[in-house]
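Student:
Residue numbers (the working numbering): 148 to 286.
1) Report the residue from 193, 276, 153, 282 whose alpha carbon sits nearest the alpha carbon of residue 213.
2) Quick check on residue 173: does DSSP put it in helix, strand or coil?
3) For the 8 Å Cβ check, are there 3 or more pairs between the region 222-238 and the region 155-162?
4) In three-state DSSP terms, what is residue 213?
5) Who are the Cβ neighbours of residue 279 in its own chain at under 6 Å, not counting the five residues just before and after it?
6) Quick one: which unbroken alpha helix (DSSP H) runs of 4-plus residues sit fully inside the region 155-200? Chain order, please.
7) Output the distance between the C-alpha atoms of residue 276 and residue 257, rounded to the nearest integer angstrom.
8) Please report how far the alpha carbon of residue 161 lies from the alpha carbon of residue 151, in whole angstroms.
9) Using only alpha-carbon positions, find the residue among 188, 272, 260 that is nearest to residue 167.
10) Excluding the five sequence neighbours on either side, which residues of its own chain have a C-beta within less than 6 Å of the C-beta of residue 271, listed in chain order?
11) Taking C-alpha atoms, which residue in 263, 224, 260, 190 lies nearest to residue 179?
12) In this structure, how does DSSP classify residue 242 when only helix, strand and coil are distinguished?
13) For the candidate residues 226, 249, 217, whose alpha-carbon lies nearest to that of residue 204?
14) Tell me which residues share the same chain as residue 149 and place their Cβ nearer than 6 Å to its Cβ, disregarding the 5 neighbours each side in the sequence.
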């Protein structure tokens, strides 16, 4: 059983067949699927699942804090089930592939007090950009 499914069961989340399929599609490392990709994979497993159910389930998972909504460079929103382990993202500038990365150190420490302008900083998000091996290799 995936980590996401275990967390949802632990919360007592009502596990319908449709919700289970969406959670199963989101299982695994480095998962950053768009809603349409989730829909396509969920439909392959459960043909009667509707677009509205997939979108509503994703919205509920984000509201619960069990899935992170990731947006980079104006591309489609992606859904990351790695919500409970602090991480940053490495994004391919060409194809948009996203990988979870776990740099050492505290990103909040990188912002000097003078640059906080009186803000109480609650979190920091960093995105590393580059080219993935597929895009780096000439055709």
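Glycine is no exception: its CB is placed at the ideal position from the N, C-alpha and C atoms.
Tutor: Answer, in terms of the structure:
1) Mapped onto the chain shown, residue 213 falls at position 66. With distances taken between Cα atoms, residue 213 lies closest to 153.
2) Here residue 173 refers to the residue found at position 26 when the chain shown is read from its first residue. Coil at residue 173, not helix or strand.
3) no
4) Within the chain shown, numbered from 1, the residue matching residue 213 stands at position 66. Per DSSP, reduced to three states, the secondary structure at residue 213 is coil, with no helix or strand assignment.
5) Residue mapping note: residue 279 aligns to position 132 of the chain shown, counting from 1. Cβ within range, chain order: 239, 244.
6) 164-172, 182-192
7) In the chain shown, residue 276 corresponds to position 129, counting from 1. In the chain shown, residue 257 corresponds to position 110, counting from 1. Each residue's Cα considered, the two are about 18 Å apart.
8) Taking the first residue of the chain shown as position 1, residue 161 is located at position 14. Taking the first residue of the chain shown as position 1, residue 151 is located at position 4. Cα-Cα distance, rounded: 14 Å.
9) On the chain shown, residue 167 is found 20 positions in, with the first residue counted as 1. Comparing Cα-Cα distances from residue 167 to each of 188, 272, 260, the minimum goes to 188.
10) Along the chain shown, one-based indexing puts residue 271 at 124. Only 254, 255 meet the Cβ criterion.
11) Here the question's residue 179 lines up with position 32 in the chain shown. Residue 179 has its Cα closest to that of 224, out of 263, 224, 260, 190.
12) To locate residue 242, count along the chain shown from 1; it is residue 95. In the structure shown, residue 242 sits in coil (DSSP, three-state: anything other than H, G, I, E or B).
13) In the chain shown, the residue the question calls residue 204 occupies position 57. From the listed residues 226, 249, 217, the smallest Cα separation to residue 204 is found for 226.
14) For the purposes of this step, residue 149 is taken as residue 2 along the chain shown, with counting starting at 1. Around residue 149: 174.
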